[in-house]
C-alpha cells in the first residue's frame, strides 16, 4: 500500500523503514521495561543508550550511502537487532512460564491503551511547532528551532531517562510493600532528587547556550538557536518533571484514562499558542508556546493526579535548590566569554563546583545528610578492612 501511495520515493522508503522497524523496537522496549520493573536500572538504561547510539551509527552509514531521510529510521530499525541475542532468550523464558490469561489481557489493554494514546499526544506536543514554523515561516526557522531543541531537550532528556528508570520501579515497590504512606515518602525523596539534579542541569544548559551553539551549530543558525535554547531548556525541565514524576500518579493509581486527558490539555494548548505566537514572534514564539504548554501540562497533571494518587511536591527542596542554582548562575554569569568549547567546559566546571558547595551548605534535598551517611559508611569499611 505504501508503494502505491502518491508519494515521492524517498518518503515511501522512510515510511516503510519506520513501519518495518516498529515490531523490533517494541520488543526491545518491552525488555527495557521489564528490566526497569525488576529494578535492573543500569541494564534498562544501558539498553536504551545502546540502541540510541547504535541507531545513530547505522543511520549515519545509511546517510553516507545516500539513503536520505530514511537513514535515521533505518538505523532505529536495525539497531535493536544487534541487541536481540542478549534480550530475546530471557523474554522467551518469561513467556513460557505461564499461559495467556484472557481476563488479564483485557485488564492490561484497558490499562495500557490510554498510555499508548498519551504517547501519541506527546509526539504531537513535541513536533507540532516544527510544522507550524514551516507553515508560517521557512525552513531556516525550522532548522534554527530544531537545533536549539536538540541541544537543550535531548541533552536533558538523557538525564531524565536515567532518573525515571530508577524512580518508577522504586515507587511501585514502595506502594506494594508499604502502602500509600511509604509511597508518599519515596515520592518525596524522588522528587527532591529530581529537582536537585535537573534544576541546575536546565539552568546550566541555558547559561552555556551561546558557547554551546558556537561549538555545535553552524554559523547560519547559531544566533537564532542560542536565543531560544534557554527557553527550550526550561521547557524540557517542566516536561521531565511532568512525565517522569507527576504522571506516575495515573499509572500508580490505575487511572490511565486521566493520563490521556492530562496529555490532551498541553497538546491542544501547544497547537493554539503556536498558531498565535509564531506569526508575530517567529522562532521565539514557538519556544514560548512550548514553555507555556508544558507549564499548563504540569499544572493539569497535578490537578488531575490528585484524584488518582496524590504525589507530594517538595517545596523546601525546590527553594533550597533554587537558591543554590541562583548562586551558580551568578558566578557563571561573571565568567569571561572566551567562546566555544573551552567556555562550555569552564562554565560547567566552575558552575558545578559552586552549585555543589551551595547545595551542601544549604542541605538542599538532604544532600548533606546523604553525604554524611556515605562518609560514615566509608569510614566503617576502612576500619574493618
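Residue numbers (my numbering): 8 to 392.
Each residue gets a CB set at the ideal place from its N, CA and C atoms; glycine is no exception.
These figures come from a predicted structure and were not determined experimentally.
Item, Value
"Which of helix, strand or coil does DSSP assign to residue 79?", "helix"
"Please name the residue in 323, 389, 357 whose C-alpha comes closest to that of residue 371.", "323"
"Have a look at 85, 73, 148, 120 and flag the residue whose alpha-carbon is nearest the alpha-carbon of residue 293.", "148"
"Suppose only complete runs of 4+ residues qualify. What are the alpha helix (DSSP H) ranges in the stretch 202-256, listed by chain order?", "216-223, 226-248"
"Using 8 Å for Cβ pairs, my map puts residue 285 next to residue 144. What's the rounded Cβ distance?", "7 Å"
"Which residue comes first and which comes last in the alpha helix (DSSP H) that contains residue 370?", "Segment: none, residue 370 is in no alpha helix (DSSP H) and carries neither H nor E."
"What ranges does the alpha helix (DSSP H) occupy inside the stretch 304-349, keeping only unbroken runs of at least 4 residues that lie completely in it?", "322-340"
"Between the stretch 204-217 and the stretch 179-193, are three or more C-beta pairs nearer than 8 Å?", "no"
"What would DSSP say about residue 74, mapped onto helix, strand or coil?", "coil"
"Could you tell me the boundaries of the alpha helix (DSSP H) in which residue 109 lies?", "109-143"
"For residue 106, does the three-state DSSP call read helix, strand or coil?", "coil"
"Does the distance from the CB of residue 80 to the CB of residue 35 come in under 8 Å?", "no"
"Counting along the chain, where does the alpha helix (DSSP H) carrying residue 159 start and finish?", "From DSSP, residue 159 is part of no alpha helix (DSSP H); its letter is neither H nor E."
"Alpha carbon to alpha carbon, how far is residue 198 from residue 298? Give it in angstroms, no decimals.", "20 Å"
"Starting from the Cα of residue 358, find the closest Cα among 230, 295, 267, 207 and give me that residue.", "207"
"Rounded to a whole number of angstroms, what is the C-alpha to C-alpha distance between residue 222 and residue 164?", "20 Å"
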